[in-house]
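Each protein sequence line maps, in turn, to chains A and B.
Sequential numbering from -16 applies to the first sequence in my numbering.
Sequential numbering from 727 applies to the second sequence in my numbering.
By construction, the Cβ of each residue, glycine as well, lies at the ideal position given by its N, Cα and C atoms.
Since we're looking at a predicted model, the values are computed, not measured.
All remarks here apply to the structure that follows.
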Amino acid sequence: MSALWSELGPYLALILCGFLPNEVWRWLGVIFSRGLDEGSEILVWVRAVATAILAGVIAKLTIFAPGVLATVPTSVRLAAVACGFIAFVAIRRSVFAGVVAGEAALAIGALMFGN
Amino acid sequence: MSSAGPQPTSTLAAYLAGLRATWTSVFSYVLFGTYIGIGALAHDFGFSILWAVLSTVLIWAGPAQVILISTLGAGASWIAVAVAVGLSGVRLLPMVVALLPTIKQPATNAWKLVIPAHFTAVSMWVEALRLLPTVPRENRIAYCNGLGCGYLVTATSATVTGFYLAAKLPPLMSAGLLFLTPLAFLMSTLRNSRMLVDFLSIGFGLVLGPLFAWWELGLDLMWSGIVGGTAAYMIHRFREALQ
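Written out as structure tokens, the structure reads:
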């Protein structure tokens, strides 16, 4: 019994703690979008909410960094995001340029100021 | 290649056009890097390769997977893990609500929307909103499923790669892979921004997200979305009323 549990436990956790609590938002989205059409004024608001949540995720991942990223000083992470943003604006709003510049700044900063 | 894109005529052609669009998308590279990090994380916390792959296919949301793996692996209670994952997934609701009205037709059965809804993640959402205007409406569901499948295949192969690379990744590289998500999310959201309301939403969310989290408000992401998004929308309406 306990051998079976140790085999299947993680998969049950994946469904109950990972899949369902995440997927339920997508299902609710399907329900709430019924009756809305592309031109609905409310969609401008919904998109604004989605964008603001996304920006919140971005800032939280940068400031309260997960895993080994937390070993890079917060100031380096913030400066690296700023470098990425500057490169993005300077190089024709290129996502690629912004990501590369941000990653390079993070690596240089971590090597210079990390422990 | 022309930027106007092909005009698919059949469902299959539209699906393949969506699939092909992912090959030249910067998100494929970002997803590959991100999911190498997630595969390595799953390995380090002692999960199996099958578990890691299933988490990518079933959850299909980077931040939720990072939370699930690190909290479950650290021995947190199932309830606490489910709540943390559920809170990180709030963003999917408004994203799905914003996307589906642009791809469905009056007669579309709701069940046909469950699959594009499952594929909805930041990568697919941002690219779909950018590319869909060039796709005829009757082909948009298939096109979105193609986009989603393309990204999912990339992410799944990266999960496997990361799982087996885990022991060989230097810490600085693992840190860099985890850093890909906030960088790519920020740049792609900025690139898709056209109107004042978009830029205001980004600005408010960037400030309110960490502020509400720091105050330990609970449901901080949801509140930063509702407060930040509503404020941005009201400024947008006020400005329109003035003109």
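Looking at residue i: is its Cβ nearer than 8 Å to the Cβ of residue j?
{"i": "P842(B)", "j": "N871(B)", "result": "yes"}
{"i": "W804(B)", "j": "P(-7)(A)", "result": "no"}
{"i": "A901(B)", "j": "V40(A)", "result": "no"}
{"i": "L89(A)", "j": "A70(A)", "result": "no"}
{"i": "V811(B)", "j": "L794(B)", "result": "yes"}
{"i": "S796(B)", "j": "G50(A)", "result": "yes"}
{"i": "P820(B)", "j": "I14(A)", "result": "no"}
{"i": "F787(B)", "j": "F889(B)", "result": "The residue asked about is misnamed: residue 787(B) is Ala in this sequence, not Phe. Not a contact, by the Cβ cut-off of 8 Å."}
{"i": "A33(A)", "j": "R917(B)", "result": "no"}
{"i": "L858(B)", "j": "R866(B)", "result": "yes"}
{"i": "G67(A)", "j": "A84(A)", "result": "yes"}
{"i": "T782(B)", "j": "Y761(B)", "result": "yes"}
In terms of alpha-carbon separation, which member of the options lies closest to residue i?
{"i": "L(-9)(A)", "options": "L757(B), Y741(B), L742(B), F773(B)", "result": "F773(B)"}
{"i": "T887(B)", "options": "A740(B), L757(B), S751(B), T737(B)", "result": "L757(B)"}
{"i": "G22(A)", "options": "W949(B), W941(B), S796(B), I829(B)", "result": "I829(B)"}
{"i": "T846(B)", "options": "V809(B), F911(B), A893(B), L873(B)", "result": "L873(B)"}
{"i": "L904(B)", "options": "K43(A), V78(A), I25(A), I74(A)", "result": "K43(A)"}
{"i": "F753(B)", "options": "A87(A), F68(A), S77(A), G97(A)", "result": "S77(A)"}
{"i": "M921(B)", "options": "A31(A), S16(A), G1(A)", "result": "A31(A)"}
{"i": "C875(B)", "options": "H844(B), A893(B), L891(B)", "result": "H844(B)"}
{"i": "L61(A)", "options": "L26(A), V72(A), C0(A), E86(A)", "result": "E86(A)"}
Use the C-beta contact count for residue i: other C-beta atoms within 10 angstroms, 16 or more gives buried, fewer gives exposed.
{"i": "T57(A)", "result": "exposed"}
{"i": "E853(B)", "result": "buried"}
{"i": "P734(B)", "result": "Note that P734(B) has pLDDT 47, beneath the 50 cutoff, so the model's placement of it is unreliable and the number below is only indicative. Classification for P734(B): buried."}
{"i": "M95(A)", "result": "exposed"}
{"i": "S914(B)", "result": "buried"}
{"i": "L(-13)(A)", "result": "exposed"}
{"i": "A38(A)", "result": "buried"}
{"i": "D946(B)", "result": "buried"}
{"i": "N835(B)", "result": "exposed"}
Going by beta carbon distance, what residues of the same chain come within less than 8 Å of residue i, once the five residues before and after it are set aside?
{"i": "L(-3)(A)", "result": "none"}
{"i": "V779(B)", "result": "T882, T885, V886"}
{"i": "H962(B)", "result": "M921, L922, V923, L926"}
{"i": "L943(B)", "result": "W949"}
Please work out which residues of its chain come closer than 6 Å, Cβ to Cβ, to residue i, disregarding the five sequence neighbours upstream and downstream, and give them in chain order.
{"i": "A957(B)", "result": "F930"}
{"i": "L826(B)", "result": "L839"}
{"i": "S814(B)", "result": "P789, A790, I793"}
{"i": "S919(B)", "result": "F925"}
{"i": "M727(B)", "result": "With a pLDDT of 41 at M727(B), under the threshold of 50, the modelled position of this residue cannot be trusted; read the value that follows with caution. Correct list: empty, nothing qualifies."}
{"i": "V848(B)", "result": "F911"}
{"i": "T880(B)", "result": "S754, L757, F758"}
Sorted by chain position, which residues of the same chain lie with C-beta nearer than 7 Å to residue i's C-beta, five sequence neighbours on each side aside?
{"i": "W851(B)", "result": "M821, L825"}
{"i": "L742(B)", "result": "G872"}
{"i": "A939(B)", "result": "D946"}
Beta carbon of residue i: closer than 7 Å to some heavy atom of the ligand PLP?
{"i": "V792(B)", "result": "In the structure shown, the ligand PLP is absent, as is every other ligand, since no ligand is present at all."}
Open item on the list: Using a Cβ-Cβ cutoff of 9 Å, what residues of the stretch 35 to 61 of chain A are near chain B? List them in chain order.
Closed with: So the close ones are A35, I36, L37, A38, G39, V40, I41, A42, K43, L44, T45, I46, F47, A48, P49, G50, V51, L52, A53, T54, V55, R60.
Task: Residues, ordered as in the chain, of the stretch 79 to 97 of chain A that lie near chain B by beta-carbon distance below 7 Å - done: Within the stretch 79 to 97 of chain A, the residues whose Cβ lies closer than 7 Å to some Cβ of chain B are F79, G81, V82, G85, E86, L89, A90, A93, listed in chain order.
Task: Contacting positions in the stretch 887 to 913 of chain B - beta carbon closer than 8 Å to chain A - done: Residues passing the 8 Å Cβ filter: P897, L898, S900, A901, G902, L904, F905, L906, T907, P908, L909, A910, F911, L912, M913.
Task: Contact residues within the stretch 764 to 787 of chain B, judged by C-beta distance below 7 Å to chain A - done: From the stretch 764 to 787 of chain B, only L767, F773, W777, L780, S781, L784, I785, A787 have a Cβ closer than 7 Å to chain A.
Task: Residues in the stretch 925 to 942 of chain B having any Cβ partner in chain A nearer than 7 Å - done: For chain A, the residues of the stretch 925 to 942 of chain B that bring a beta carbon within less than 7 Å of one of its beta carbons are S927, I928, F930, G931, L932, L934, G935, P936, A939, in chain order.
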